[in-house]
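In this note's numbering, the protein residues as written are 719 to 1345. Each remark here refers to the structure printed beneath this line.
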């Protein structure tokens, strides 16, 4: 649909693809990042998008298997030590290349409590069977990218598996036991099943003694037994009889099933009966974490429904953490880029969970938490940005009540009706609101606009209201953004070509400057680095926005570094660093400023414009023009 000549409006692209305009921006950014030559593939402007004239579209991105992953796969499958010379020959690499791959492989396996032993020229993977399976799950997830069930073609499996057939048998077993699940949970269970099938030889079976305890006889246990018995339906057969007879295999599969699907009673959880289904400590964890999130980000209180949904999610998350069976989220990276503010809030929630329970939360689980948070806020704008409306009417029976109900159904929490009055008697000049909805022409209030509607508020009238609401929202947003930026930006904290060897050095250099200006305490650097350790703040397009997880600055500030050359940051390279410090009084501004900055900087053209700025004044002018 895009050409090299004409611009295609973002709304048209979004309509064809069935996505939002924000998602279109992220698609374009992703294509540009994938360009082999580094040149933009898709150009963007206020008029929309078009294909770049000078670049060719990368239609495919096939890659060779990573050598270290091949090496790990070979060692995982080996029943006895493998000679290094034989391995180098098998992988068609030199001894020196194999040595480098071996160093990389050791770094990969170490977090899984595994080690690669090298004795007398022979290699082996040392560690517990369950840890080897956790490693395989991690690597297969990486190989499968965004395709839920395409983890059967990698370098870690000895033969192909019919993942669709595995999914069907898992789905059947769960359904028979009345358990409900989503696609993410199903994919995670299927991956575990395929790994179990791969490892099901006499030497691969889990041989640790387990106490099934209360798990035995549950719907998760019965579903797991059924899956084990049905595994011979997979291509090639698996020795299902021995799997079904092994308590350890059934037990660990039942843990995966329990943490990735919901029991028959799980969907009945409500605020009045939550104590019947969710442990009190999990409910308290949910409430305390949400309260901390509200304080840290200056948010209005979350409703009870959100609290209940989060508690149910945390129940499964904690189970997965304890069993080492985290849900794979193939959209984690895209979620971080598309909704960085919600992802940032999810990082905070994850840090609170870890602080209160000692259990680590990975980036896949953080992305799921961001789904909960984003889903909540997408339909509940903050009060500070809610458009205020005056509803005027000509009274006739209940016609005005019906009209107002139509307006409220259409706009929900996006507007706040602050005045209801007769259009014949109201003092229009005294109205203080963003939009006046009236059945007849009146003088516009000084602070707002007037939209004329028919008495019944038809669809056409609702569309006219929608346009004015959007314009009013944009005006309010722009005014608050401009105010926040002028409070945060300081010429003495703008740097052109300030380089550092890495994230920590840059953060500490900038924080030292802010300390000297009385903007924050020296401990602010450690707070920023703590947030960075949870998940990199290099979101996209060569930009990092490091910040703390609490409004701990003495006064709010934004320290800017714009470089001609990239520098390393969280496994990526960036040319712009925006260190954000938030003061207590600016909590409510953080959400708007952070989200607006990232939305503007998701466009490659906008980033390029800022990177070309020559000095502080030029940078500020360009930035204000973008947001």
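Glycine included, every Cβ here is placed at the ideal spot set by N, Cα and C.
*When burial is assigned at 16 or more other CB atoms within 10 Å of the CB, is residue 1114 buried or exposed?*
Its Cβ having fewer than 16 others within 10 Å, residue 1114 is exposed.
*Rounded C-alpha distance that separates residue 1236 from residue 1011*: Spanning the alpha carbons of residue 1236 and residue 1011 requires a straight line of approximately 27 angstroms.
*Between residue 679 and residue 1323, what straight-line distance do the alpha-carbon atoms span, to the nearest angstrom?*
This structure gives no information on residue 679, because the portion of the chain shown stretches from 719 to 1345.
*Using three-state DSSP, classify residue 1238 as helix, strand or coil.*
Judged by DSSP in its simplified three-state form, residue 1238 adopts coil rather than helix or strand.
*Can you tell which of 988, 1058, 1073 has the C-alpha that lies nearest to the C-alpha of residue 1028?*
Closest option to residue 1028, judged by alpha-carbon separation, among 988, 1058, 1073: 988.
*asked:* So for residue 978, helix, strand or coil by DSSP?
replied: Here residue 978 sits in helix by DSSP.
*Could you have a look at residue 939 and say whether DSSP puts it in helix, strand or coil?*
Correct three-state label for residue 939: helix.
*What is the C-beta distance between residue 1256 and residue 1288, in whole angstroms, given that I count them as a contact (C-beta under 8 angstroms)?*
Yes, residue 1256 and residue 1288 are in contact; Cβ-Cβ is about 5 angstroms, under 8 angstroms.
*Reduced DSSP category for residue 1002 - H, G, I as helix; E, B as strand; rest coil*: In this structure, residue 1002 counts as helix in the three-state DSSP scheme.
*Throw me the rounded Cβ distance for the residue 979 and residue 1076 pair, which I believe falls under 8 angstroms.*
About 26 angstroms; that fails the 8 angstroms criterion.
*asked:* Quick check on residue 1272: does DSSP put it in helix, strand or coil?
replied: Look at residue 1272 here: in three-state DSSP terms it is coil, with no helix or strand label.
*asked:* Could you give the first and the last residue of the continuous beta strand (DSSP E) run that contains residue 1059?
replied: Taken as a continuous stretch (DSSP letters only), residue 1059 belongs to no beta strand (DSSP E), being part of the alpha helix (DSSP H) at 1058-1075.
*In terms of alpha-carbon separation, which member of 1096, 839, 847 lies closest to residue 831?*
Closest by alpha carbon: 847.
*So the beta strand (DSSP E) residue 1106 belongs to, where does it begin and stop?*
Per DSSP, residue 1106 belongs to the beta strand (DSSP E) from 1105-1111.
_Inter-stretch contact (C-beta, 8 angstroms, three-pair minimum) for the stretch 1020-1039 and the stretch 1082-1090_ = Taking 8 angstroms as the limit for Cβ pairs, the verdict is that the stretch 1082-1090 does touch the stretch 1020-1039.
_Three-state secondary structure (DSSP) of residue 775_ = Note that residue 775 scores a pLDDT of 45, beneath 50, so its modelled location is shaky and nothing firm can be said.
*Report the partner residues of residue 1153 according to the DSSP bridge assignment.*
Among the bridge pairs identified by DSSP, residue 1153 is matched with 1107, 1167.
*What is the C-beta distance between residue 1184 and residue 1166, in whole angstroms, given that I count them as a contact (C-beta under 8 angstroms)?*
No, residue 1184 and residue 1166 are not in contact; Cβ-Cβ is about 15 angstroms, not under 8 angstroms.
*Determine the direct distance from the alpha carbon of residue 937 to that of residue 807, and round the result to whole angstroms.*
Between residue 807 and residue 937, the C-alpha separation is close to 49 angstroms.
*Alpha carbon to alpha carbon, how far is residue 1277 from residue 995?*
A straight-line Cα-Cα distance of about 48 angstroms links residue 1277 and residue 995.
*asked:* Assess contact between the stretch 1267-1275 and the stretch 1019-1028, defined as three or more Cβ pairs (one per stretch) separated by less than 8 angstroms. Is contact present?
replied: Segments in contact, no.
*asked:* For a test of the three-state rule: what should DSSP assign to residue 955, helix, strand or coil?
replied: Reliability of the predicted coordinates at residue 955 is poor, the pLDDT of 49 falling under 50, and no value is obtained from them.
*Flag this pair as touching only if the stretch 1174-1192 and the stretch 1105-1120 have three or more C-beta atom pairs under 8 angstroms; answer yes or no.*
Contact check between the stretch 1174-1192 and the stretch 1105-1120: three or more CB pairs, one atom from each, fall below 8 angstroms, which counts as touching.
*Tell me which same chain residues have a C-beta within less than 8 angstroms of the C-beta of residue 750, skipping the five on either side of it?*
In the same chain as residue 750, and ignoring 5 residues on each side of it, the C-beta atoms closer than 8 angstroms to its own belong to 758, 759, 760, 1322, in chain order.
*Cα-Cα, which of 816, 1158, 914 is closest to residue 795?*
The candidate whose alpha carbon is nearest that of residue 795 is 914.
*Under the DSSP definition of a beta bridge, which residues are partnered with residue 842?*
Partner(s): 835.
*Which whole-angstrom value is the C-beta distance of residue 911 and residue 884, which I expect to be below 8 angstroms?*
Between the beta-carbon of residue 911 and that of residue 884 there is about 5 angstroms, and that keeps the pair under the 8 angstroms contact cut.
_Straight-line Cα distance separating residue 1305 from residue 1329_ = Rounded to whole angstroms, residue 1329 to residue 1305 spans 28 angstroms at the Cα level.
*Name the two residues that bound the continuous beta strand (DSSP E) containing residue 1136.*
Here the beta strand (DSSP E) through residue 1136 covers 1133-1140.
_Considering just the uninterrupted stretch of the alpha helix (DSSP H) at residue 1081, what are its terminal residues?_
Taken as a continuous stretch (DSSP letters only), the alpha helix (DSSP H) holding residue 1081 covers 1081-1095.
_For a test of the three-state rule: what should DSSP assign to residue 698, helix, strand or coil?_
No answer is possible for residue 698: it lies beyond the span of the chain, which begins at 719 and ends at 1345.
*Would you mind working out which of 1019, 1158, 1002, 1315 sits nearest residue 1070, comparing C-alpha positions?*
Residue 1070 has its Cα closest to that of 1002, out of 1019, 1158, 1002, 1315.
*Over what stretch of residues does the beta strand (DSSP E) that includes residue 1186 continue unbroken?*
First-last for residue 1186: 1177-1206, but that is the alpha helix (DSSP H), not the beta strand (DSSP E).
*Taking just the CA atoms, how far does residue 829 sit from residue 1079?*
Rounded to the nearest angstrom, the two C-alpha atoms are 14 angstroms apart.
*Following the continuous alpha helix (DSSP H) through residue 1314, name the residue where it begins and the one where it ends.*
First-last of the alpha helix (DSSP H) with residue 1314: 1305-1319.
*Is residue 857 closer than 7 angstroms to residue 874 when the C-beta atoms are compared?*
Residue 874 places its beta carbon less than 7 angstroms from that of residue 857.
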